[in-house]
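Here's the structure, in structure tokens; my notes come after.
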Amino acid sequence: MEAAAAVPAPEPFRPPASSVLSLDFAELKAKLATYLKPEDVGRVEAAYHFAASAHEGQFRISGDPYISHPVAVADIVADWHLDPQALMAALLHDVMEDTHISKQEIAERFGKTTAELVDGLSKLDKIEFRSQEEAQAENFRKMLLAMASDLRVILVKLADRMHNMRTLQCVRPAKRRRIASETLEIYAPIANRLGLNNLYRELQELSFEHKYPMRFRVLSRAIKAARGNRREVVGKVLQSIEERLPQWHIAAEVRGREKHLFSIYRKMAEKHLSFSQVLDIYGFRVIVRDVPACYLAMGALHSMYKPVPGKFKDYIAIPKANGYQSLHTTLIGPFGTPVEVQIRTAEMHHIAESGVASHWLYKEDEKTLTELQQKTHSWLQSLLELQSTSGEATEFLEHVKIDLFPGEVYVFTPKGRILSLLKGSTPVDFAYAVHTDIGNRCVACRINGDLMPLRTELRNGDQIEIITAAHANPNPAWLAYVRTGKARAQIRHFLKGAQQEESVTLGERLLNQALRPHGLTLGQISTFAWDRFLRDRGVRSKKDVFADVGLGRRLPAIVARRLAQAQDQESGRPDVIKPKPAGAILIRGSEGIAVQLARCCQPIPGDPIIGVIRKGQGLEVHLHDCPVASKVRGDRGRWVDVEWEAGEDRLFDVTIRVLTKNVRGVLARVASAIADADCNIQNVSMDNEQGGLYTAMNLTVQVRDRMHLARVMRGVRRVPEIVRIARPKSDARA
1 MEAAAAVPAP EPFRPPASSV LSLDFAELKA KLATYLKPED VGRVEAAYHF
51 AASAHEGQFR ISGDPYISHP VAVADIVADW HLDPQALMAA LLHDVMEDTH
101 ISKQEIAERF GKTTAELVDG LSKLDKIEFR SQEEAQAENF RKMLLAMASD
151 LRVILVKLAD RMHNMRTLQC VRPAKRRRIA SETLEIYAPI ANRLGLNNLY
201 RELQELSFEH KYPMRFRVLS RAIKAARGNR REVVGKVLQS IEERLPQWHI
251 AAEVRGREKH LFSIYRKMAE KHLSFSQVLD IYGFRVIVRD VPACYLAMGA
301 LHSMYKPVPG KFKDYIAIPK ANGYQSLHTT LIGPFGTPVE VQIRTAEMHH
351 IAESGVASHW LYKEDEKTLT ELQQKTHSWL QSLLELQSTS GEATEFLEHV
401 KIDLFPGEVY VFTPKGRILS LLKGSTPVDF AYAVHTDIGN RCVACRINGD
451 LMPLRTELRN GDQIEIITAA HANPNPAWLA YVRTGKARAQ IRHFLKGAQQ
501 EESVTLGERL LNQALRPHGL TLGQISTFAW DRFLRDRGVR SKKDVFADVG
551 LGRRLPAIVA RRLAQAQDQE SGRPDVIKPK PAGAILIRGS EGIAVQLARC
601 CQPIPGDPII GVIRKGQGLE VHLHDCPVAS KVRGDRGRWV DVEWEAGEDR
651 LFDVTIRVLT KNVRGVLARV ASAIADADCN IQNVSMDNEQ GGLYTAMNLT
701 VQVRDRMHLA RVMRGVRRVP EIVRIARPKS DARA
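Take 1 as the starting number for the sequence shown in full-length UniProt numbering and just add one per residue.
As structure tokens, then:
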């Protein structure tokens with residue numbers, strides 16, 4: 001990354017004679033002069049004139065000149081004491097998007113770094129997307145990846161969003177709600193993740209006001225009414241704390257604060273409380289000299305008011321991921337009112353308010369980085385990793401959103417290292433947090449020395465040991481309970497890769513079968529015919545076509561017809577060709593993701609079967625008389641002839657229903673008969689029929705083929721108490 005000093009001073013932009021500094025920029029210039037060199041202030045002023053000229057004649061919805069917006073963004077950025085490049089990018093952030101100015105022109109006038117920052121902030125307007133959501137997701141992806149290489153991109157973007165939120169009242173209500181939701185879901189959590197606490201709170205408040213205006217007004221009035229009633233309590237607590245701390249020889253600054261509207265609203269919504277039930281709308285902040293004084297102050301407060309059990313949190317010993325450090329405790333104050341207190345040092349307070357903006361995070365030597373910088377750096381790297389494993393922009397955004405929502409649990413590795421995970425995380429999340437390979441090879445886990453299921457929710461202080469196996473693979477069922485974006489992205493990435501390979505193989509077989517009525521095989525389709533087909537359909541390669549056919553996204557009969565037409569045009573073959581019988585696709589039953597045996601009818605080798613192409617899922621194999629499969633019989637393009645391949649040596653699950661007399665020991669005799677037929681029972685469920693005279697058993701057994709199942713059923717029939725045994729028909733509603 002270019003350092004600020006390395007950028008050569010550009011030739012100053014000469015504004016028109018009529019151009020003068022606006023009052024807003026004059027105030028900004030005075031602010032910049034407090035921490036920037038005069039020559040740097042001059043470069044920022046040149047960027048202002050350039051932006052003012054580019055936006056001349058443009059106005060905001062409010063009627064203000066457009067240049068007022070970039071100046072306001074630069075003013076917010078200046079509060080964080082950002083460097084000249086970030087300030088110039090703030091002033092120029094809309095010129096590429098809204099005017100004829102190019103990135104090259106910005107680079108020539110203001111340096112390559114500034115141009116890169118402006119480009120990272122510009123939307124992808126020139127690309128066509130299928131939907132507003134996809135366009136928005138792609139814009140976020142671009143911005144977040146630009147942020148991963150230079151943190152100033154997101155800081156300027158957050159300042160941009162902050163000013164837009166402050167002036168949102170001029171926008172039509174529907175758009176206002178959409179922007180407020182987007183801010184609440186994306187920008188506020190990013191500000192929190194970077195430790196920009198003041199910005200985070202203000203974005204939340206403004207989003208709440210614009211997304212739920214009526215709730216905001218009602219809650220505001222309620223708090224104003226309650227303020228007078230609780231002023232006595234707050235004054236008494238404040239006075240008590242200020243008197244008690246000096247008695248313990250603790251020099252401290254004590255501040256009372258009212259909780260923010262959105263945090264009160266969220267507490268009411270999450271815990272289903274009315275406003276009168278939310279007692280702790282006031283909090284106190286105690287700022288002391290050093291870390292030992294924090295713990296001493298905690299003792300002083302606990303000696304004065306009783307602490308609420310389970311409400312003490314030590315974020316000094318274990319800081320939050322965004323670098324936040326404080327002691328939190330809730331006390332029972334006067335009249336039984338809960339009082340929340342935060343205790344921290346002045347440095348911790350500075351980081352809590354300014355976060356990562358208080359420490360510059362450029363590509364320095366990692367040894368010189370602070371702990372906060374290292375955490376932010378590792379998070380930015382995780383964004384790049386999520387990008388590489390996420391297929392589409394919407395998927396990437398989903399994974400990022402998962403990781404942005406607050407709430408953490410702290411767990412230990414077997415060697416005592418602390419890992420911070422999202423609340424609700426499981427051992428699978430932990431495994432992927434340690435390393436992707438450990439996650440992919442995970443088979444079991446020990447929590448605090450005990451073997452536990454992989455879906456167990458982790459709690460603070462748990463010690464986790466992951467057990468791996470060399471040939472293990474991620475299980476699709478993990479997606480139902482993993483919480484972290486990294487785990488979700490890696491599991492999906494692996495499954496997509498495996499599914500892609502299987503789908504290509506299956507698609508090739510399906511297409512070969514569909515070409516036979518046209519007198520062709522895949523080997524006979526010329527390169528020219530393939531090129532014509534790929535060009536006309538906008539597909540990149542043959543492999544993509546095979547994968548789409550295998551996954552049911554394209555029907556093999558239609559692709560075969562188009563390929564045959566392309567072949568006719570290329571080679572001049574005669575139009576009428578005597579169709580050849582199409583052979584059936586051979587099924588082993590162990591293909592994996594691309595070929596699945598239907599659960600509704602549970603086909604096994606020896607059964608007459610039919611294949612149904614399910615969109616996005618591949619080939620599903622059913623019994624030929626399955627009611628579910630019969631629904632697509634009329635759609636010839638969606639079903640294919642399939643047959644069992646001989647010699648497959650594996651076990652298949654199948655359900656049999658047995659009706660027996662309700663006598664003692666009958667289950668044991670049925671199980672013994674099944675075992676004698678060299679068969680294993682996977683699952684048993686039972687219910688009574690005809691007032692308890694009979695018992696109906698549903699047994700899932702494992703058999704090699706239809707002949708093996710017949711032997712099992714013959715063996716069960718010999719049990720004297722058996723009334724009826726059958727293989728149940730699938731339900732069309734399945």
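Ideal placement from N, C-alpha and C gives every residue a C-beta, glycine not left out.
Just so you know, these numbers come straight off a predicted model, no measurement behind them.
Requested in this report: Work out the CA separation of H302 and H493 for me, nearest whole Å.
Outcome: H493 and H302: Cα-Cα distance of roughly 50 Å.
Report task. Express the C-alpha separation of D75 and L203 in angstroms, rounding to a whole number. Result -> Linking L203 to D75 through their CA atoms gives a straight-line distance of about 17 Å.
Query raised in the report: Buried or exposed: residue 744, going by 16 or more other Cβ atoms within 10 Å of its Cβ?
Result: Coverage of the chain is limited to positions 1 through 734, which leaves residue 744 absent and any answer about it impossible.
Query - Close Cβ partners of K126 (< 8 Å) along its chain, the five nearest in sequence each way excluded - result: Because the pLDDT at K126 is just 41, under 50, the model does not fix this residue reliably, and the value given afterwards should be weighed accordingly. Taking C-beta separations shorter than 8 Å and ignoring five residues to either side along the sequence, K126 has no partners in its chain.
Requested in this report: Report the option in R727, L458 and H471 whose CA atom is closest to the CA atom of V443.
Outcome: Looking only at R727, L458 and H471, the smallest Cα-Cα distance to V443 is reached by H471.
Report task. Confirm, please, whether the CB-CB distance from L451 to S425 is below 8 Å. Result -> Against a cut-off of 8 Å, the Cβ pair of L451 and S425 comes out as no contact.
Requested in this report: Could you spell out the range, first to last residue, of the beta strand (DSSP E) harbouring Y410?
Outcome: Secondary structure note for Y410: its beta strand (DSSP E) is the uninterrupted segment E408 to F412.
Query raised in the report: Which residue from F312, R193, G283 and S181 puts its Cα closest to that of K259?
Result: When only C-alpha atoms are compared, the closest one is G283.
Query raised in the report: Does the beta-carbon distance from E182 to A321 come in below 8 Å?
Result: No, these two residues do not count as a Cβ contact at 8 Å.
Requested in this report: Provide the residue span of the beta strand (DSSP E) that contains K661, from first to last.
Outcome: Note, K661: beta strand (DSSP E), F652 to K661.
Requested in this report: State yes or no: is the C-beta of L623 within less than 8 Å of the C-beta of L506?
Outcome: Between L623 and L506, the C-beta spacing is not below 8 Å.
**Report entry** Contacts around P603, its chain only, beta-carbon distance under 7 Å, and the 5 residues preceding and following it disregarded
**Finding:** Closer than 7 Å at Cβ, skipping near neighbours: L597, I609, V621, H622 and L623.
Requested in this report: Could you round the C-beta distance between V306 and T329 to whole angstroms and report it? I think they count as a contact, below 8 Å.
Outcome: Residue identity differs from the one stated: residue 306 is Lys in this sequence, not Val. Their Cβ separation, rounded to whole angstroms, is 11 Å, which puts K306 and T329 out of contact at 8 Å.
**Report entry** Limits of the beta strand (DSSP E) - the one that R282 falls within
**Finding:** A small fix is needed here, since residue 282 is Tyr in this sequence, not Arg. Residues Y282 to V288.
Query - Pair within 8 Å by beta-carbon distance, G520 and V549 - result: Residue identity differs from the one stated: residue 520 is Leu in this sequence, not Gly. Contact: no.
Query raised in the report: By DSSP, does T456 sit in helix, in strand, or in coil?
Result: Residue state, collapsed to three classes: coil.
Requested in this report: Note down the Cα distance separating L261 from A188, rounded to an integer number of angstroms.
Outcome: Rounded to whole angstroms, L261 to A188 spans 15 Å at the Cα level.
Query raised in the report: For S420, which beta-bridge partners are listed by DSSP?
Result: Note: S420 sits in a beta bridge opposite Y410.
Query raised in the report: Rounded C-beta distance between G439 and A477? I'm assuming under 8 Å.
Result: The beta-carbon distance between G439 and A477, rounded to whole angstroms, is 14 Å. This is too long to meet the 8 Å contact definition.
Query raised in the report: Whole-angstrom Cβ separation of A560 and L515, contact assumed at under 8 Å?
Result: By a beta-carbon distance limit of 8 Å, A560 contacts L515. Their separation comes to about 5 Å.
Report task. Specify, as a first and last residue, the run of the alpha helix (DSSP H) that G715 falls within. Result -> Looking at the DSSP string, the run of the alpha helix (DSSP H) that includes G715 is R706 to R717.
Query raised in the report: Would you say the stretch 191-207 touches the stretch 93-103, given that touching needs at least three Cβ pairs under 8 Å?
Result: With a cut-off of 8 Å, the stretch 93-103 and the stretch 191-207 do not count as touching, because too few Cβ pairs lie within range.
Query raised in the report: Nearest to L194 by CA position, among V41, V153 and V640, is which residue?
Result: Minimum Cα distance to L194 is reached at V153.
**Report entry** Candidates V156, A51 and I656: closest to N683 by CA position
**Finding:** Measuring from the Cα of N683, the nearest candidate turns out to be I656.
Query raised in the report: Are the beta-carbon atoms belonging to D687 and A677 less than 8 Å from one another?
Result: Going by C-beta atoms, D687 is not nearer than 8 Å to A677.
Query raised in the report: Is the distance from the Cβ of I287 to the Cβ of A252 below 8 Å?
Result: In this structure, A252 lies closer than 8 Å to I287 by Cβ.
Report task. Tell me K306's beta-bridge partners as DSSP assigns them. Result -> K306 is bridged to I332.
Query raised in the report: For G111, is the classification buried or exposed, using 16 other Cβ atoms within 10 angstroms of its Cβ as the cut-off for buried?
Result: Here G111 is buried. Its C-beta has 16 or more other C-beta atoms within 10 Å.
Report task. To the nearest angstrom, report how far apart Q58 and V71 are at their CA atoms. Result -> So the alpha carbons of these two residues sit roughly 14 Å apart.
**Report entry** From V654, K661 and A225, residue whose alpha carbon lies closest to that of R704
**Finding:** Closest option to R704, Cα to Cα, is V654.
Requested in this report: Would you identify the three-state DSSP class for T521, choosing helix, strand or coil?
Outcome: T521 carries a coil assignment under DSSP once its states are collapsed to helix, strand and coil.
Query raised in the report: Would H435 be called buried (16 or more neighbouring beta carbons within 10 Å of its own) or exposed?
Result: Burial is judged here by how many other beta carbons sit within 10 angstroms of a residue's own beta carbon; H435 has fewer than 16 and is exposed.
Query - Burial state of A5 (16 or more Cβ within 10 Å) - result: With a pLDDT of 45 at A5, under the threshold of 50, the modelled position of that residue is not reliable, and the figure given next carries that caveat. Burial is judged here by how many other beta carbons sit within 10 angstroms of a residue's own beta carbon; A5 has fewer than 16 and is exposed.
Query - Start-end ranges of the alpha helix (DSSP H) lying completely within the stretch 38-67, minimum 4 residues - result: Runs of the alpha helix (DSSP H) lying entirely within the stretch 38-67, each at least 4 residues long, are 38-54 in chain order.
Requested in this report: In angstroms with no decimal places, state the Cα-to-Cα distance between residue 735 and P334.
Outcome: The displayed coordinates of the chain run from 1 to 734. Any statement about residue 735 would go beyond what the structure contains.
Requested in this report: Let me know the secondary structure DSSP gives Q602 once reduced to three states.
Outcome: Coil.
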